[in-house]
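Residue numbers (this note's numbering): 5 to 353.
Here it is, written out as structure tokens:
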């Protein structure tokens with residue numbers, strides 16, 4: 005059975021669209037809409053990196069944000085100037101204290117650091133299945149948070165880590181989104197990607213036909229962690245200041261909600277989930293401040309956006325548990341043979 009040839013075409017079209025938006029949006033819309041586009045693209049990188057394990061190998065990880073936080077702090081430390089390190093992190097080891105990296109190298113190192121961490125953590129954890137691996141990865145998230153709070157020589161502890169240069173821009177984020185989407189699409193819709201899906205659908209049957217369950221899960225976990233670390237660096241260079249609580253349960257639930265809403269088995273579904281939640285959150289945030297229609301005045305309802313999103317999440321789970329896209333992909337009606345045709349040819353053989 006061959007991968008659907010329309011997927012690479014659709015990904016290529018998406019990359020061209022992303023390039024046009026990156027360079028055209030700042031000249032066509034205001035700063036507010038550019039910020040919304042940037043956050044949508046940034047969250048798309050994070051959700052896509054989460055979907056690789058959660059959606060395509062069946063490992064429901066609750067610790068993914070730990071890699072984002074590790075990448076953010078690693079990139080932040082590397083990006084600070086020597087003078088800032090002496091002032092903000094006076095006890096930083098000499099190995100890190102005498103140099104400063106530009107934005108791109110710091111981002112790459114952050115991704116590699118998160119990937120290395122994923123190899124160390126994933127080798128024992130990817131042997132688990134079901135809710136055992138979910139609880140274990142949540143334990144990893146808690147450990148990362150505790151380490152970030154207590155490693156004050158590196159992270160300033162519970163205090164705000166500040167001074168990170170504001171280098172993240174819309175072209176940078178969309179460029180990394182294009183790279184993420186291209187790499188994940190090439191991986192998921194390849195022979196190795198089919199092994200990942202086989203492991204997701206039935207680990208016993210996959211093992212019986214010679215597929216290494218551990219290898220399929222670990223590769224997905226590590227690659228997802230790399231792009232999570234990259235996303236963490238982009239997040240750090242966008243915020244400029246952050247604390248360990250920035251990368252904890254609130255972000256975890258937000259990313260999982262986006263992924264589940266769009267569809268855990270679909271790359272385009274992950275992006276659709278991000279777009280839907282982001283736009284709805286912005287609309288509800290405006291409503292929270294209160295509004296007036298004619299003679300009717302609605303007072304400020306702070307927290308209403310989270311309540312509405314919570315109800316939406318519940319309804320999706322009840323009426324469409326596979327999300328908006330399920331395991332389908334957007335192909336924009338581009339030419340190519342359908343997946344059903346390929347599936348039939350595989351049966352005939």
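In this text, a Cβ means the ideal position worked out from N, Cα and C, and glycines have one as well.
Exercise. How big is the Cα-Cα spacing for residue 38 and residue 286?
Worked result: 13 Å
For this session: Give a yes or no on contact between the stretch 86–99 and the stretch 240–253, applying the rule of three or more CB pairs nearer than 8 Å.
Result: no
Exercise. Quick one: is residue 84 buried, meaning 16 or more other Cβ sit within 10 Å of its Cβ, or exposed?
Worked result: buried
Exercise. Where does residue 246 fall in DSSP's three states?
Worked result: The three-state secondary structure of residue 246, taken from DSSP, is strand.
For this session: Give the C-beta separation of residue 48 and residue 278 to the nearest angstrom, bearing in mind that I take them to be a contact with Cβ-Cβ under 8 Å.
Result: 5 Å
For this session: Sort 290, 61 and 52 by Cα distance to residue 188 and report the nearest one.
Result: Here the closest residue by C-alpha is 52.
Problem set entry | Of the residues 227, 317, 136 and 128, the one placed nearest residue 119, counting alpha carbons only | 227
For this session: For residue 101, collect the residues of the same chain with a Cβ closer than 6 Å to its Cβ; drop the 5 residues on either side in sequence, then sort them by chain order.
Result: 89
Exercise. Expressed to the nearest angstrom, what Euclidean distance is found between the alpha-carbon atoms of residue 71 and residue 293?
Worked result: Computed Cα separation, rounded: 34 Å.
Problem set entry | the ligand FAD heavy atom lying under 8 Å from the CB of residue 281 | Although the ligand FAD was asked about, the structure shown includes no ligands whatsoever.
Exercise. Is residue 296 helix, strand or coil by DSSP?
Worked result: strand
Exercise. Roughly how many whole angstroms lie between the Cα atoms of residue 6 and residue 44?
Worked result: Model confidence at residue 6 stands at a pLDDT of 46, short of 50, so the residue's coordinates are unreliable; what they give is reported in the following sentence. Rounded to whole angstroms, residue 6 to residue 44 spans 32 Å at the Cα level.
For this session: Quick one: grab the DSSP three-state call for residue 196.
Result: helix
For this session: State the Cα-Cα distance for the pair residue 75 and residue 298, rounded to the nearest angstrom.
Result: 49 Å
Exercise. What's the gap between the Cα of residue 334 and the Cα of residue 319?
Worked result: 23 Å
Exercise. Is the beta carbon of residue 315 sitting closer than 9 Å to the one on residue 245?
Worked result: Against a cut-off of 9 Å, the Cβ pair of residue 245 and residue 315 comes out as no contact.
For this session: Let me know the secondary structure DSSP gives residue 60 once reduced to three states.
Result: Note: residue 60 maps to helix in three-state DSSP.
For this session: Compare the Cα-Cα distances from residue 127 to each of 220, 170 and 273 and report the closest residue.
Result: 220
For this session: Please confirm whether residue 66 and residue 141 have their CB atoms less than 9 Å apart.
Result: yes
For this session: Would you give the residue range spanned by the alpha helix (DSSP H) that residue 147 belongs to?
Result: Boundaries of the alpha helix (DSSP H) harbouring residue 147: 135–154, taken from the DSSP string.
For this session: Could you tell me the distance, in whole angstroms, from the CA atom of residue 4 to the CA atom of residue 174?
Result: Coverage of the chain is limited to positions 5 through 353, which leaves residue 4 absent and any answer about it impossible.
For this session: Determine the direct distance from the alpha carbon of residue 309 to that of residue 289, and round the result to whole angstroms.
Result: Near 6 Å, if we compare the C-alpha coordinates of residue 309 and residue 289.
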